Structure formats: C-alpha cells, structure tokens
Amino acid sequence: MSRIEVNDVSKAFKNTQALSHVNLQFEEHTIYGLLGRNGAGKSTLLNIINNRLFPDSGTITLDGCSLMENSTALASCFLANENNLYPESMTVKSAFKWSREFYPDFDMDYANELSRLFELPVKKKIKSLSTGYQSIFRDIVALSVNVPFVFLDEPVLGLDAYHRDLFYKILIEKYAEHPFTAVISTHLIEEVANIIEQVIVIKKGEIIRNESLESLLENGYCISGPASQIDSYIRSHDVIGIDTLGGLKSAYITGIPDPDLPDGLEISRMDLQKLFIQLTDTAR
Amino acid sequence: MKLDLDQDKPIFIQIAEGIEDGILTGAFPEESQIPSITEFSVTYKINPATALKGINLLVDEGIVFKKRGVGMFVADGAVRKLQKKRQDQFYDNYISKLVDEAKRLGITSEEIIAMIERGFVQ
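What follows is the structure in structure tokens.
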C-alpha cells in the first residue's frame, strides 16, 4: 500500500507563518477532509505536497521517495485547485487531451460522460467558463486521471446545489468502485461530513486534529441546560466552547459522556461542523 | 426506509435501522435482493465503509446474508426476527421516554393508560 508522508513541513510568506511543523500521513483508499478557516494554510499545504510550492523546511515522501522535483512519484498525485496549469485559451476538450499526455491512465470516455452529466461545454475555452464550471472542469479531470492520490482544493466552489449533489454522488460512486485516496479541502463541512473518513483540522498553520471522524465525534458531545447547572457540570470536564442563550447554556465537551447525567441536562451528539466552529475559534 | 439522515445517531446505525424498517414494511421482502453498498452510499451520500458497517450489523444478526459475487439478500425469517428484536427494545425505545415526559408534564399512569386505550380504538 502506498502512503504519502509529510514530515515537519514549515513555510513562511514574508511575515506570515503559513505552516509550522506539519506532520501528516495519507494512506491509500481513504477519503480525507482537510478543514480549516480562510488563511489557515490548507492551500499552501496542498501546493507543497504537489510540488507547486517549496517548503522552507521539511520533506514530502511517497513510499519513502521524495515528492519534490520527482516526476515519477508526482505522477501518482493530482491536485485540482484554482491555479490552472492549462493555458487559459485552451478549450476543455484539448485540456482533456493534454491531461492524457501527462496522466496515461486518464479515462477520456469517463471525462466525456461526466461532461455530459454536468453539461460542461467542452468546446469552450477554459477562461470563458463561469467560476462554477471552472470548478466542474477541474473536478472532472481529477476524477478521470486515475491516480492513487487526488487532492481537491474546494471542489464545489461556485457550484449550485444540484451540481454539488451530483459531484458528491459521482465521487462516492467512483470511490466505491475504484478506490483511491481523496483529500478534500472545503468550507461546506456539513456536505462532506458523511463522506470523509479521516479529519485533518488546520488552524493558523498548525494541525490541531488528525484522526478518524468516528473517534473525533465519539470523543465529543454537547450538553445543554440551565446556566447554573452547566457551569457546575463543566468544572470537572474539558470544555472547548460554550454558547449562551439567556439562562440557557450549551457546552461543547471533549471526552465520553457520563452515563449518569444530572436531571435537567440534555446531551446531544457533536457534529463535525459544530466541532469545527468551536475548535477553530481564533478568539480563544 | 427513509431517504434522509439526521445527526442524532451514528450513520451506520441509521442505515441498519433503515433497512430493518424496509424489511418490516415489506419494501425489502424476505429472500429478495437489497441494494448494493455502492447504491446505498451514493443515495445517502455516505462513505462506502459506513454503509458496509451498517449492513454488517444485519449480517451478524442473520437478517441479511451475502451471496458472493451476486449481492445481499434478506434472510428467510428476517421479519419475525426483527419483530422479536423490536418488541424487546420497545420498553427502552418508547415506554421509558413516554414516562419521562409524562412525569415532566404531571400526567398520571392512569391517564397514560387511558390515552393508550384511546390510541388503539382510533
């Protein structure tokens, strides 16, 4: 089984530390969610893994071989992001042909089939496409290249609800029938919450969570009730955030819920979006 | 089986319960084939591993069985088995919650019994 390892990667732009000491592994046949607020460092990380940016320090390896300036190893990876590598005056159709030059397993029939489903005008120039269709174009290439590691940086940017739904369904179908690794960076957390298996949360250039979605959600819960009761309950618990509404309070707790709760307190499951909002609150 | 999920329970349990509901209502009759992992995953937009985990709960209980290379089928006697299981869970799933709410509202057990009898008549 192949794996990508990110070892102690740091990167600064002028006075901003974009990434600091990032350590991650990407295993084969897994769907990862790379979650972070705007400017947290998601795109920088994806660009570094895919050799489009150089880190200041640290290494990226695929099965032990460096991914930097290594075209053989890089052929196992595809990054779909806003920086198109295609000349803007190129048509969608010829961009598909060029993709096949670089990625020999590119499935032209599949790309054309997806273009039909999304009604992507293949004869148009890439630069003349709307934001949504530029995303769709990148997504179609990403789903057609047939490489083991696919990185999708905001794959649903500008897509309407119908196209987002279609994209998720096609992604799952492709993954179920021909497993690969997908690393999805997105702000629409609720929409991918049931799709991803591993969650990576990045905050101000640091990885603050990296675990399976299941364990992340099992080790967190939300408890609500009268403020005074919540205040005394949370004294003995690990709190990551609190919402207040008049005399009512909800606290977000890490850990396993107590089997015997005081009367009047109600417990609910943590969901990924709530957890994300609490974890990435920069005011804390 | 409902076609949307909520966040109150783990997804794999909702998939298993959804298939159980489908079996109990006759949407998935005994000995008939149920949809594939891919179909469940795509329809619910969930990871295939989650769908598999849910279905495996039913396989372990003998409610669904896999035929290699063909697909998954509802076992003979699954309806009876599920009725028994749901009957056993009835107190925990319904009665204890009902009593909790009744206590909060000050409804007596006599009043609840009268309501239940009314429910059966209607």
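Heads up: the protein sequence lines correspond to chains A and B, in order.
Residue 1 is where the first sequence starts when you use the numbering used here, and the numbers rise one by one after that.
Residue 1 is where the second sequence starts when you use the numbering used here, and the numbers rise one by one after that.
Heads up, the beta-carbon is just placed ideally off N, CA and C, and yes, glycines get one too.
Note that this is a predicted model, so its numbers are computed, not measured.
Residue i, enclosing beta strand (DSSP E) - first and last residue
i                           : result
proline 48 of chain B       : Proline 48 of chain B -> not in any beta strand (DSSP E); alpha helix (DSSP H) instead, spanning 48–60.
valine 150 of chain A       : 149–153
tyrosine 286 of chain A     : Residue 286 of chain A lies beyond the range of chain A shown here (1 to 284); nothing can be said about it.
phenylalanine 65 of chain B : 64–67
isoleucine 242 of chain A   : 238–245
phenylalanine 73 of chain B : 71–74
leucine 265 of chain A      : Looking at the DSSP string, leucine 265 of chain A is not in any beta strand (DSSP E), and its letter there is neither H nor E.
serine 250 of chain A       : 248–254
phenylalanine 13 of chain A : 3–13
DSSP-derived helix/strand/coil call for residue i
i                           : result
asparagine 194 of chain A   : coil
tyrosine 94 of chain B      : helix
alanine 182 of chain A      : strand
aspartate 4 of chain B      : coil
asparagine 112 of chain A   : helix
glutamine 278 of chain A    : helix
phenylalanine 28 of chain B : coil
lysine 204 of chain A       : coil
leucine 188 of chain A      : coil
leucine 82 of chain B       : helix
lysine 125 of chain A       : strand
arginine 100 of chain A     : helix
arginine 209 of chain A     : strand
valine 156 of chain A       : coil
Residue i: first and last residue of the uninterrupted alpha helix (DSSP H) it sits in
i                        : result
threonine 131 of chain A : 131–144
leucine 24 of chain B    : 11–25
serine 109 of chain B    : 109–121
glutamate 173 of chain A : 161–177
valine 42 of chain B     : 37–44
Spatial neighbours of residue i in its chain, beta-carbon cut-off 6 Å, leaving aside the 5 residues before and after
i                            : result
glutamate 327 of chain A     : Any question about residue 327 of chain A goes unanswered here, given that chain A covers just 1 to 284.
isoleucine 230 of chain A    : Lys249 and Ala251
isoleucine 234 of chain A    : Ala251
arginine 37 of chain A       : Thr280
asparagine 50 of chain A     : Cys77 and Leu79
phenylalanine 151 of chain A : Leu46, Leu79 and Val183
serine 99 of chain A         : Phe106 and Val141
leucine 157 of chain A       : Ser135
Expected contact under 8 Å - CB spacing of residue i and residue j to nearest Å
i                        : j                           : result
glycine 225 of chain A   : leucine 275 of chain A      : Not really, about 20 Å apart at Cβ, beyond 8 Å.
isoleucine 31 of chain A : glutamate 197 of chain A    : 5 Å
serine 135 of chain A    : proline 155 of chain A      : 6 Å
valine 199 of chain A    : leucine 79 of chain A       : Actually they are not in contact, since the Cβ atoms of valine 199 of chain A and leucine 79 of chain A sit about 20 Å apart, beyond 8 Å.
aspartate 63 of chain A  : serine 2 of chain A         : 5 Å
glycine 255 of chain A   : aspartate 238 of chain A    : 6 Å
glutamate 27 of chain A  : threonine 61 of chain A     : 14 Å between Cβ atoms; not a contact.
lysine 123 of chain A    : lysine 93 of chain A        : 6 Å
isoleucine 23 of chain B : phenylalanine 73 of chain B : Rounded, the Cβ-Cβ distance is 11 Å, inconsistent with contact.
glycine 205 of chain A   : glycine 41 of chain A       : 4 Å
leucine 188 of chain A   : leucine 143 of chain A      : Their Cβ separation, rounded to whole angstroms, is 18 Å, which puts leucine 188 of chain A and leucine 143 of chain A out of contact at 8 Å.
proline 48 of chain B    : tyrosine 133 of chain A     : Actually they are not in contact, since the Cβ atoms of proline 48 of chain B and tyrosine 133 of chain A sit about 28 Å apart, beyond 8 Å.
aspartate 153 of chain A : asparagine 70 of chain A    : Actually they are not in contact, since the Cβ atoms of aspartate 153 of chain A and asparagine 70 of chain A sit about 21 Å apart, beyond 8 Å.
glutamate 17 of chain B  : alanine 78 of chain B       : About 14 Å separates the two Cβ atoms, so there is no contact after all.
Cut-off 8 Å between Cβ atoms - residues of its own chain near residue i, not counting five sequence neighbours on either side
i                         : result
aspartate 136 of chain B  : In the structure as shown, chain B starts at 1 and stops at 122, and residue 136 of chain B therefore has no counterpart that could be examined.
glutamate 88 of chain A   : Lys125, Ile126 and Lys127
glutamine 278 of chain A  : Ile240, Gly241 and Tyr252
glutamine 51 of chain B   : It is alanine, not glutamine, that sits at residue 51 of chain B in the sequence shown. Phe12, Ile15, Ile37, Phe40, Ser41 and Tyr44, listed in sequence order.
asparagine 146 of chain A : Tyr103, Asp105, Phe106, Asp107, His178 and Phe180
glutamate 211 of chain A  : Gln198 and Val199
serine 66 of chain A      : Thr59, Ile60 and Ala73
proline 121 of chain A    : Val92, Leu129 and Tyr133
Closer than 7 Å: residue i CB and nearest the ligand PLP heavy atom
i                      : result
alanine 283 of chain A : Among the ligands in the structure shown, none appear at all, so the ligand PLP cannot be discussed.
Close beta carbons around residue i, own chain, < 7 Å, minus the five adjacent residues each side
i                           : result
serine 12 of chain A        : Serine is not the amino acid found at residue 12 of chain A; the sequence shown has alanine there. Correct list, in chain order: Ala18 and Asp56.
threonine 44 of chain A     : Lys11, Ala18, Leu19 and Leu53
phenylalanine 28 of chain B : Ile19, Gly22, Ile34 and Val74
asparagine 84 of chain A    : Ile126
arginine 138 of chain A     : Ala80
Contact set between residue i and chain E, taken where Cβ atoms lie within less than 7 Å
i                     : result
alanine 49 of chain B : Protein chains A and B are contained in the structure displayed, whereas chain E is not.
TODO: Go through the region 15–91 of chain A residue by residue and report every complete run of the alpha helix (DSSP H) that reaches 4 residues or more, in order.
DONE: Fully enclosed alpha helix (DSSP H) runs of 4 or longer: 42–49 and 71–74.
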